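Asks: Quick note, the sequences are listed as chains A and B, same order.
Residue numbers 27 to 452, in the numbering used here, belong to the letters of the first sequence in order.
Residue numbers 27 to 452, in the numbering used here, belong to the letters of the second sequence in order.
2 protein chains.
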Amino acid sequence: MDRIFLKNITLDGRQVDIFISDGIFTSITPHSCETPLAAEGAEIVDCSGKTAMPGFVNMHTHAAMTLMRGIGEDMCLSDWLDHIWAIEAHLDEPFIYWGTKVAALEMIKTGTTAFNDMYWFSPIARKAAEEVGLRNLVSFTFLDNFDPSAAEHQKESCIAMHETVPSWGPRSSFAVSIHSVYTVSEPLILWVTEYARKHGLKIHVHIAETEKEVVDCRKAHGGLSPVEYLDSLGVLGPDVIAAHTLWLSDKDIEILGSRKVNCVHNINSNLKLASGNFFKADELAAAGANICLGTDGCASSNNLDMLEAMKTTAIVQKAMRHDPAALPLHDLLKMATANGAKALGANSGKIEEGYEADLQIIDTDSTFFLSPGPFLANFVYSAHSDCIVSLISGGRFVMRDRKVPAEREILEGGRAELELLKNIDK
Amino acid sequence: MDRIFLKNITLDGRQVDIFISDGIFTSITPHSCETPLAAEGAEIVDCSGKTAMPGFVNMHTHAAMTLMRGIGEDMCLSDWLDHIWAIEAHLDEPFIYWGTKVAALEMIKTGTTAFNDMYWFSPIARKAAEEVGLRNLVSFTFLDNFDPSAAEHQKESCIAMHETVPSWGPRSSFAVSIHSVYTVSEPLILWVTEYARKHGLKIHVHIAETEKEVVDCRKAHGGLSPVEYLDSLGVLGPDVIAAHTLWLSDKDIEILGSRKVNCVHNINSNLKLASGNFFKADELAAAGANICLGTDGCASSNNLDMLEAMKTTAIVQKAMRHDPAALPLHDLLKMATANGAKALGANSGKIEEGYEADLQIIDTDSTFFLSPGPFLANFVYSAHSDCIVSLISGGRFVMRDRKVPAEREILEGGRAELELLKNIDK
Numbered sequence: 027m028d029r030i031f032l033k034n035i036t037l038d039g040r041q042v043d044i045f046i047s048d049g050i051f052t053s054i055t056p057h058s059c060e061t062p063l064a065a066e067g068a069e070i071v072d073c074s075g076k077t078a079m080p081g082f083v084n085m086h087t088h089a090a091m092t093l094m095r096g097i098g099e100d101m102c103l104s105d106w107l108d109h110i111w112a113i114e115a116h117l118d119e120p121f122i123y124w125g126t127k128v129a130a131l132e133m134i135k136t137g138t139t140a141f142n143d144m145y146w147f148s149p150i151a152r153k154a155a156e157e158v159g160l161r162n163l164v165s166f167t168f169l170d171n172f173d174p175s176a177a178e179h180q181k182e183s184c185i186a187m188h189e190t191v192p193s194w195g196p197r198s199s200f201a202v203s204i205h206s207v208y209t210v211s212e213p214l215i216l217w218v219t220e221y222a223r224k225h226g227l228k229i230h231v232h233i234a235e236t237e238k239e240v241v242d243c244r245k246a247h248g249g250l251s252p253v254e255y256l257d258s259l260g261v262l263g264p265d266v267i268a269a270h271t272l273w274l275s276d277k278d279i280e281i282l283g284s285r286k287v288n289c290v291h292n293i294n295s296n297l298k299l300a301s302g303n304f305f306k307a308d309e310l311a312a313a314g315a316n317i318c319l320g321t322d323g324c325a326s327s328n329n330l331d332m333l334e335a336m337k338t339t340a341i342v343q344k345a346m347r348h349d350p351a352a353l354p355l356h357d358l359l360k361m362a363t364a365n366g367a368k369a370l371g372a373n374s375g376k377i378e379e380g381y382e383a384d385l386q387i388i389d390t391d392s393t394f395f396l397s398p399g400p401f402l403a404n405f406v407y408s409a410h411s412d413c414i415v416s417l418i419s420g421g422r423f424v425m426r427d428r429k430v431p432a433e434r435e436i437l438e439g440g441r442a443e444l445e446l447l448k449n450i451d452k
Numbered sequence: 027m028d029r030i031f032l033k034n035i036t037l038d039g040r041q042v043d044i045f046i047s048d049g050i051f052t053s054i055t056p057h058s059c060e061t062p063l064a065a066e067g068a069e070i071v072d073c074s075g076k077t078a079m080p081g082f083v084n085m086h087t088h089a090a091m092t093l094m095r096g097i098g099e100d101m102c103l104s105d106w107l108d109h110i111w112a113i114e115a116h117l118d119e120p121f122i123y124w125g126t127k128v129a130a131l132e133m134i135k136t137g138t139t140a141f142n143d144m145y146w147f148s149p150i151a152r153k154a155a156e157e158v159g160l161r162n163l164v165s166f167t168f169l170d171n172f173d174p175s176a177a178e179h180q181k182e183s184c185i186a187m188h189e190t191v192p193s194w195g196p197r198s199s200f201a202v203s204i205h206s207v208y209t210v211s212e213p214l215i216l217w218v219t220e221y222a223r224k225h226g227l228k229i230h231v232h233i234a235e236t237e238k239e240v241v242d243c244r245k246a247h248g249g250l251s252p253v254e255y256l257d258s259l260g261v262l263g264p265d266v267i268a269a270h271t272l273w274l275s276d277k278d279i280e281i282l283g284s285r286k287v288n289c290v291h292n293i294n295s296n297l298k299l300a301s302g303n304f305f306k307a308d309e310l311a312a313a314g315a316n317i318c319l320g321t322d323g324c325a326s327s328n329n330l331d332m333l334e335a336m337k338t339t340a341i342v343q344k345a346m347r348h349d350p351a352a353l354p355l356h357d358l359l360k361m362a363t364a365n366g367a368k369a370l371g372a373n374s375g376k377i378e379e380g381y382e383a384d385l386q387i388i389d390t391d392s393t394f395f396l397s398p399g400p401f402l403a404n405f406v407y408s409a410h411s412d413c414i415v416s417l418i419s420g421g422r423f424v425m426r427d428r429k430v431p432a433e434r435e436i437l438e439g440g441r442a443e444l445e446l447l448k449n450i451d452k
């Protein structure tokens with residue numbers, strides 16, 4: 027395991043030395059010119075002029091869809107789905123492997139050290155993420171379209187995947203995904219929930235993304251909203267990661283809060299797909315929910331950049347609440363880091379002794395940081411993710427000076443998969 | 027004057043060679059292995075794998091305020107203004123010079139080749155912009171706060187500035203700014219308009235940025251909205267550049283359209299300051315207005331990145347119209363380039379023979395462009411401005427391979443001004 031000594035780095039406005047060993051922040055001390063005995067033999071990295079930030083935690087994405095971005099732009103949803111489905115019908119392991127690798131490369135270049143994935147062929151996605159060094163939660167996705175035989179087949183496949191893939195963890199975990207209330211039958215939702223609780227697995231689910239979803243659910247389930255319906259089935263709890271949660275009643279917010287659900291906002295996807303409404307960040311947090319941030323998949327939001335998602339989230343919250351003081355920067359930062367880590371059950375998301383060493387190194391030598399304002403304002407509102415020059419994930423450098431070791435190979439692998447896609451379109 | 031031959035660059039999906047001389051796109055021809063006779067002696071730049079885009083035109087900013095970004099974040103407007111005014115009371119020429127240079131550096135690094143500035147000490151701002159090679163429209167800003175003696179003083183200062191600064195143009199022009207209907211008296215608005223028309227100067231004005239501005243204007247001027255009021259004074263015409271135009275009635279839209287006013291949208295500022303409402307892009311364009319894009323000053327929107335402004339504009343238009351097909355990419359691109367050039371009266375904003383040579387060179391070798399979708403979707407929705415590797419403004423390289431010649435000197439000059447600011451705060 028790597029041993030790294032980050033010398034003279036800025037952390038919360040103070041100059042510190044950070045010693046990382048066994049994947050953990052072992053010591054964080056005021057900067058001194060001496061290297062402590064404990065750090066002898068460690069790689070010493072001079073970080074003068076650089077600032078430390080926790081790695082981002084992207085709490086909702088469909089990683090391999092990175093290879094589908096830009097398909098059907100400026101189109102209505104039904105035309106767009108035709109394009110996506112034509113490709114998804116041909117998904118195979120190499121596509122998932124290279125799609126996830128391209129996604130992981132993009133996440134690394136934009137400061138993300140952990141992500142929560144909902145897609146297919148999860149062991150392959152996990153392999154891709156592990157090879158480049160990102161913490162990941164991958165899932166078996168249930169989507170039976172109310173077909174009992176599909177449900178049976180998916181249960182068997184899930185059990186097989188869960189049991190046969192060796193050594194999940196410590197930075198790669200297995201979860202179950204319930205795609206949504208409009209694509210998964212009630213018996214299957216119940217089975218998945220029971221299976222998850224029995225095995226201590228997180229449950230990842232799309233909830234209340236569109237108004238139609240809510241209207242249809244109320245019609246189908248005796249007036250219950252998606253939140254009420256899932257709660258009536260015993261699904262909701264602190265082990266649930268709920269993507270979107272946009273179209274919520276006051277009662278929905280109360281339920282999500284009291285069940286301590288992890289609610290993931292995906293601002294760019296919501297705006298670009300015109301999902302309507304806006305995320306009730308303050309109300310959900312006040313009710314007791316754990317609010318997190320995600321990017322969604324690249325086919326809808328078009329990139330995996332959490333820093334961009336932070337800025338858009340902040341300014342849209344201010345605009346929609348008619349209050350320039352809405353969603354202060356420190357709360358926003360928690361959404362993108364510590365809250366996500368908490369949802370994953372990870373001991374990370376903070377730069378503190380004893381936490382897992384997930385850390386961005388920021389270069390502030392640009393116009394974006396030339397300001398009398400605080401670092402965090404410049405980082406979120408002015409800068410772009412190319413200010414993130416190096417990234418440590420689980421105690422190891424996954425990017426140094428903007429270079430990711432496998433970058434060339436990943437771009438070429440992704441490009442080869444895109445060539446194959448062209449044949450599908452024909 | 028530089029002579030440049032861009033070899034094998036992608037333009038609208040075709041491989042071409044672009045010959046630039048005397049600041050103009052002299053010839054654009056299908057790529058050939060031969061270098062034409064006309065280009066002999068020119069600097070030959072191999073652009074294989076790179077894509078050409080017109081330079082961005084930032085149609086509304088307060089450039090020197092770049093040094094004030096990050097002041098008073100997450101605060102309400104009145105607290106924020108206290109901070110800004112404390113600094114503005116101490117403005118001097120060095121602050122404007124270095125503030126504008128820092129702004130110009132940031133614009134260059136984000137692909138902008140021309141900008142429309144509304145601030146103080148305009149000849150100094152113009153000098154800063156010219157030294158780094160950006161086209162600029164700078165103005166004398168009128169803001170008398172209804173004080174007749176201030177109005178007289180400003181008229182004299184404007185005339186002196188206009189007459190004594192030598193050789194405005196061809197890529198640097200002088201304009202007049204009417205700050206707003208709530209800060210400039212009617213006699214002064216009339217005088218400025220007459221002066222502008224007599225001398226062929228553009229008129230730059232903030233219009234209908236907030237609901238309060240509209241409500242107060244209707245109270246003060248017999249029920250007239252800011253648009254109606256300015257129109258009743260004969261101000262509005264195709265030589266007017268109107269920033270914001272957010273709070274508009276149907277009648278306002280009709281007037282702005284029939285007068286062919288240039289309406290500048292500043293999405294990030296509008297969202298972050300919670301100005302409310304949203305820009306009626308389609309309606310204004312359909313009525314006949316020329317819709318453009320700007321960033322506003324860095325004290326409100328926090329950077330000068332037009333590519334970021336394009337993405338936010340697009341996704342917010344889609345969201346607010348509940349239509350993922352709203353504001354197609356080609357219309358958006360025109361807002362950020364050709365429409366702005368038209369508003370400036372510049373023969374630029376397009377990569378066509380005979381146009382001024384303002385051009386971005388894009389490197390597509392990254393995950394952001396690894397997609398089956400069109401280049402423009404990847405550029406706007408996925409990539410960041412660091413994909414703009416080189417920039418030609420007025421036929422000259424102002425950035426090559428992300429390097430701007432005066433970058434180090436500008437950052438140091440800006441930093442020295444920030445040190446002086448600290449003393450002001452004390």
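C-beta atoms are modelled at their ideal positions from N, C-alpha and C, and glycine is treated no differently.
Nothing here was measured: the structure is a model prediction, and the numbers come from that model.
1. Quick check on the DSSP output: the alpha helix (DSSP H) that includes residue 281 of chain B runs from which residue to which?
2. Per DSSP, residue 268 of chain A forms a beta bridge with which residues?
3. Between the segment 57–68 of chain A and the segment 337–350 of chain A, do at least 3 Cβ pairs fall closer than 8 Å?
4. Distance, Cα to Cα, residue 435 of chain A vs residue 117 of chain A?
5. Need the endpoints of the alpha helix (DSSP H) that residue 147 of chain A sits in, please.
6. Mind checking which residues open and close the beta strand (DSSP E) that includes residue 322 of chain A?
7. Just reading off the beta strand (DSSP E) that residue 416 of chain A is part of, what are its end residues?
8. In terms of DSSP beta bridges, what is residue 386 of chain A paired with?
9. Assign residue 449 of chain A to one of three DSSP states: helix, strand, or coil.
10. By Cβ distance below 6 Å, which residues in the same chain neighbour residue 230 of chain A in space, the five residues on each side in sequence not counted?
11. Hey, residue 433 of chain A and residue 214 of chain A: beta-carbon distance below 8 Å or not?
12. Interface residues of chain A around residue 461 of chain B at Cβ under 7 Å?
13. State the Cα-Cα distance for the pair residue 45 of chain A and residue 208 of chain A, rounded to the nearest angstrom.
14. For residue 449 of chain A, is the classification buried or exposed, using 16 other Cβ atoms within 10 angstroms of its Cβ as the cut-off for buried?
15. Could you give the residue range of the beta strand (DSSP E) that holds residue 422 of chain A?
16. List the residues of chain A that residue 345 of chain B touches, going by C-beta distances under 9 Å, in chain order.
17. Residue 89 of chain A and residue 126 of chain A: beta carbons closer than 8 Å?
18. Can you look up residue 109 of chain B in the DSSP assignment and give me helix, strand or coil?
19. Interface residues of chain B around residue 354 of chain A at Cβ under 9 Å?
20. Identify, in the order they occur along the chain, each residue of the same chain with its Cβ nearer than 6 Å to the Cβ of residue 452 of chain B, setting aside the five sequence neighbours on each side.
21. Given that residue 431 of chain B touches chain A, what residues does it touch there, using C-beta distances under 7 Å?
22. Answer with yes or no whether the minimum CB distance from residue 426 of chain A to chain B is below 8 Å.
23. What are the complete beta strand (DSSP E) segments, minimum 3 residues, inside the segment 166–241 of chain B?
24. Could you confirm whether any beta carbon from chain A is found closer than 8 Å to the beta carbon of residue 403 of chain B?
25. Check each candidate in A:138, A:418 and A:210 and name the one with the smallest Cα separation from residue 169 of chain A.
26. Going by DSSP, what residues sit across from residue 69 of chain A in a beta bridge?
27. According to DSSP, simplified to helix, strand and coil, what is residue 333 of chain A?
28. Compare the C-beta of residue 128 of chain B with all C-beta atoms of chain A and state if any pair is closer than 8 Å.
29. Using a Cβ cut-off of 8 Å (strictly closer), state whether residue 361 of chain A contacts chain B.
30. Once the 5 residues before and after residue 301 of chain B are set aside, which same chain residues still bring their CB inside 7 Å of it?
31. Can you check whether the C-beta of residue 131 of chain A is within less than 8 Å of a C-beta belonging to chain B?
32. Does DSSP classify residue 257 of chain A as helix, strand or coil?
33. Determine, for residue 329 of chain A, whether the minimum Cβ-Cβ distance to residues of chain B falls below 8 Å.
34. DSSP three-state label for residue 401 of chain A, please.
Replies: In brief:
1. Stepping through the second sequence from its first residue, residue 281 of chain B is reached at position 255. Where residue 281 of chain B is concerned, the enclosing alpha helix (DSSP H) stretches over 276–284.
2. Here residue 268 of chain A refers to the residue found at position 242 when the first sequence is read from its first residue. Paired residues: A:231 and A:289.
3. Contact fails: fewer than three Cβ-Cβ distances are below 8 Å.
4. Sequence index remark: in the first sequence, residue 435 of chain A carries index 409 (1-based). Sequence index remark: in the first sequence, residue 117 of chain A carries index 91 (1-based). Rounded to the nearest angstrom, the two C-alpha atoms are 21 Å apart.
5. On the first sequence, residue 147 of chain A is found 121 positions in, with the first residue counted as 1. If you look at residue 147 of chain A, you'll find it isn't in any alpha helix (DSSP H); DSSP assigns it neither H nor E.
6. Here residue 322 of chain A corresponds to residue number 296 of the first sequence, with the count starting at 1. Boundaries for residue 322 of chain A: no beta strand (DSSP E) harbours it, and the DSSP string shows neither H nor E there.
7. Position 390 of the first sequence, counted from the start, is the residue given in the question as residue 416 of chain A. The continuous beta strand (DSSP E) containing residue 416 of chain A extends over residues 414–419.
8. Along the first sequence, read from residue 1 onward, the residue named residue 386 of chain A stands at position 360. The partner list for residue 386 of chain A (beta bridge, DSSP) reads A:79 and A:417.
9. Along the first sequence, read from residue 1 onward, the residue named residue 449 of chain A stands at position 423. Here DSSP, grouped into helix, strand and coil, assigns residue 449 of chain A to helix.
10. For this step, residue 230 of chain A is matched to residue 204 along the first sequence. Around residue 230 of chain A, the same chain offers 144, 165, 201, 203 and 267 as residues with beta carbons nearer than 6 Å, after the five sequence neighbours per side are excluded.
11. Translated into positions along the first sequence, residue 433 of chain A becomes position 407. Translated into positions along the first sequence, residue 214 of chain A becomes position 188. Not closer than 8 Å, so no.
12. A query on residue 461 of chain B cannot be resolved here, the shown segment of chain B reaching from 27 to 452 and no further.
13. Stepping through the first sequence from its first residue, residue 45 of chain A is reached at position 19. Stepping through the first sequence from its first residue, residue 208 of chain A is reached at position 182. For residue 45 of chain A and residue 208 of chain A, the distance between alpha carbons rounds to 49 Å.
14. As a position in the first sequence, residue 449 of chain A is number 423, starting the count at 1. It is exposed - the Cβ of residue 449 of chain A has fewer than 16 other Cβ atoms within 10 Å.
15. On the first sequence, position 396 is the one that residue 422 of chain A refers to. Segment 422–425, the beta strand (DSSP E) holding residue 422 of chain A.
16. For the purposes of this step, residue 345 of chain B is taken as the residue at position 319 of the second sequence. The contacting residues are 296, 297, 298, 299, 300, 301, 302, 304 and 342.
17. On the first sequence, residue 89 of chain A is found 63 positions in, with the first residue counted as 1. On the first sequence, residue 126 of chain A is found 100 positions in, with the first residue counted as 1. In this structure, residue 89 of chain A sits near residue 126 of chain A, with a CB-CB distance shorter than 8 Å.
18. For the purposes of this step, residue 109 of chain B is taken as residue 83 along the second sequence, with counting starting at 1. Three-state result, residue 109 of chain B: helix.
19. In the first sequence, the residue the question calls residue 354 of chain A occupies position 328. The contacting residues are 99 and 100.
20. Start at 1 with the first residue of the second sequence, and residue 452 of chain B comes out as number 426. Because residue 452 of chain B carries a pLDDT of 46, less than 50, the predicted location of this residue cannot be relied on, and the following value inherits that uncertainty. The same chain holds no residue with a CB closer than 6 Å to that of residue 452 of chain B once the five nearest residues on each side in sequence are set aside.
21. Translated into positions along the second sequence, residue 431 of chain B becomes position 405. In chain order: nothing, as chain A lies at least about 15 Å away.
22. Looking up residue 426 of chain A in the first sequence gives position 400. Among the CB atoms of chain B, none fall inside 8 Å of the CB of residue 426 of chain A.
23. Scanning the segment 166–241 of chain B for uninterrupted beta strand (DSSP E) segments of 3 residues or longer gives 198–204 and 229–233, listed from N- to C-terminal end.
24. Numbered from 1 along the second sequence, position 377 holds the residue referred to as residue 403 of chain B. Interface residue, yes.
25. Position 143 of the first sequence, counting from 1, holds the residue named residue 169 of chain A. With distances taken between CA atoms, residue 169 of chain A lies nearest to A:210 out of A:138, A:418 and A:210.
26. In the first sequence, the residue the question calls residue 69 of chain A occupies position 43. Bridge partners of residue 69 of chain A according to DSSP: A:30.
27. Within the first sequence, the letter at position 307 stands for residue 333 of chain A. DSSP places residue 333 of chain A within a helical segment (H, G or I) once states are collapsed to three.
28. Locating residue 128 of chain B in the second sequence gives position 102, counting from the first residue. Contacts with chain A at 8 Å (Cβ-Cβ) include residue 128 of chain B.
29. As a first step, residue 361 of chain A must be located in the first sequence, where it is residue number 335. Answer no: the Cβ-Cβ gap between residue 361 of chain A and chain B never drops below 8 Å.
30. Here residue 301 of chain B refers to the residue found at position 275 of the second sequence. Here residue 301 of chain B has 235, 236 and 272 as same chain residues with Cβ atoms under 7 Å from its own Cβ, once five neighbours each way along the sequence are excluded.
31. Working through the first sequence from its first residue, we reach residue 131 of chain A at position 105. Yes, residue 131 of chain A counts as interfacial toward chain B.
32. Locating residue 257 of chain A in the first sequence gives position 231, counting from the first residue. Correct three-state label for residue 257 of chain A: helix.
33. Here residue 329 of chain A refers to the residue found at position 303 when the first sequence is read from its first residue. Yes, its Cβ sits closer than 8 Å to a Cβ of chain B.
34. Against the first sequence, residue 401 of chain A aligns to sequence position 375. Note: residue 401 of chain A maps to helix in three-state DSSP.
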